[in-house]
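First comes the structure, then the notes that go with it.
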Amino acid sequence: MGSSHSLVLNSLDQSLECDTEQQSLVQIGYTLHKTILKLYTKYLSNDGKTVDYLGLKEDPNFSEYVKETAKLQTAKIQSLTRNERLALFINLYNSLQIHALIINGEPKTWSERGKIWNKNYYVISGRSYSLNDIEHGILFQSFLDFFGEIHVSN
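For the sequence shown, this note's numbering gives the first residue as 87, with consecutive numbering after it.
See below:
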């Protein structure tokens with residue numbers, strides 16, 4: 087298991103050009119999700135029960151993935167519609183989950199799982215988001231808002 091300290095998984099390399107003007111934030115999220123799933127599948131065992139996280143971590147394509155995540159730090163989330171923001175965070179939740187497991191290893195206990203969900207972050211538009219923040223603060227709230235709108239409209 088990795089460190090018990092908080093860890094930003096998309097640290098911004100100062101030499102990296104982060105031109106998010108030409109690529110939409112939603113597209114960045116989709117591309118990151120698609121890329122991490124492709125890598126994950128490559129290192130998934132034939133029976134689908136285990137993942138070679140160490141091999142995945144050492145894959146040169148994972149290094150490229152990590153560089154791409156830095157674009158999220160300076161991207162402007164404020165201009166997104168509600169649906170675009172939801173799509174972005176669904177993709178980033180799944181990507182961050184796999185990324186955190188690659189960095190920290192697979193948790194052996196629920197306590198270790200909780201630490202991974204609370205202590206690994208992506209910085210998006212200058213704000214830190216853990217898996218817990220995304221799941222409970224954004225996705226679950228969107229779910230409640232959606233069903234609240236259905237109930238109100240009936």
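C-beta atoms are modelled at their ideal positions from N, C-alpha and C, and glycine is treated no differently. No experiment lies behind these values; they were computed from the predicted model shown.
Check whether residue i and residue j have beta carbons under 8 Å apart
| i | j | result |
| --- | --- | --- |
| residue 96 | residue 215 | no |
| residue 202 | residue 186 | yes |
| residue 111 | residue 163 | yes |
| residue 151 | residue 192 | no |
| residue 143 | residue 188 | yes |
Residue i versus the options, residue with shortest Cα-Cα distance
| i | options | result |
| --- | --- | --- |
| residue 158 | 181, 142 and 141 | 181 |
| residue 225 | 193, 138 and 174 | 174 |
| residue 168 | 133, 94 and 227 | 227 |
| residue 172 | 189, 205, 221 and 136 | 221 |
| residue 179 | 190, 194, 219 and 165 | 219 |
| residue 250 | 170, 128, 94 and 165 | Nothing about residue 250 can be reported from this structure: the residues present for the chain run from 87 to 240 only. |
Contact set for residue i: own chain, Cβ-Cβ below 6 Å, skip 5 residues either direction
| i | result |
| --- | --- |
| residue 177 | 115, 116 and 119 |
| residue 141 | 129 |
Close Cβ partners of residue i (< 7 Å) along its chain, the five nearest in sequence each way excluded
| i | result |
| --- | --- |
| residue 183 | 217 |
| residue 92 | 205 and 207 |
| residue 130 | 137 |
| residue 223 | none |
CB contact below 8 Å: residue i versus chain B
| i | result |
| --- | --- |
| residue 94 | Of the protein chains in this structure there is only one, and it is not chain B. |
DSSP bridge partner residues for residue i (one or two, in chain order)
| i | result |
| --- | --- |
| residue 210 | 213 |
| residue 93 | 206 |
| residue 130 | 137 |
Cut-off 8 Å between Cβ atoms - residues of its own chain near residue i, not counting five sequence neighbours on either side
| i | result |
| --- | --- |
| residue 199 | 193 |
Distance cut-off 7 Å: residue i Cβ against heavy atoms of the ligand COA
| i | result |
| --- | --- |
| residue 110 | Although the ligand COA was asked about, the structure shown includes no ligands whatsoever. |
Could you say if the stretch 145-160 and the stretch 121-128 meet the contact criterion of at least three C-beta pairs nearer than 8 Å? The stretch 145-160 is in contact with the stretch 121-128.
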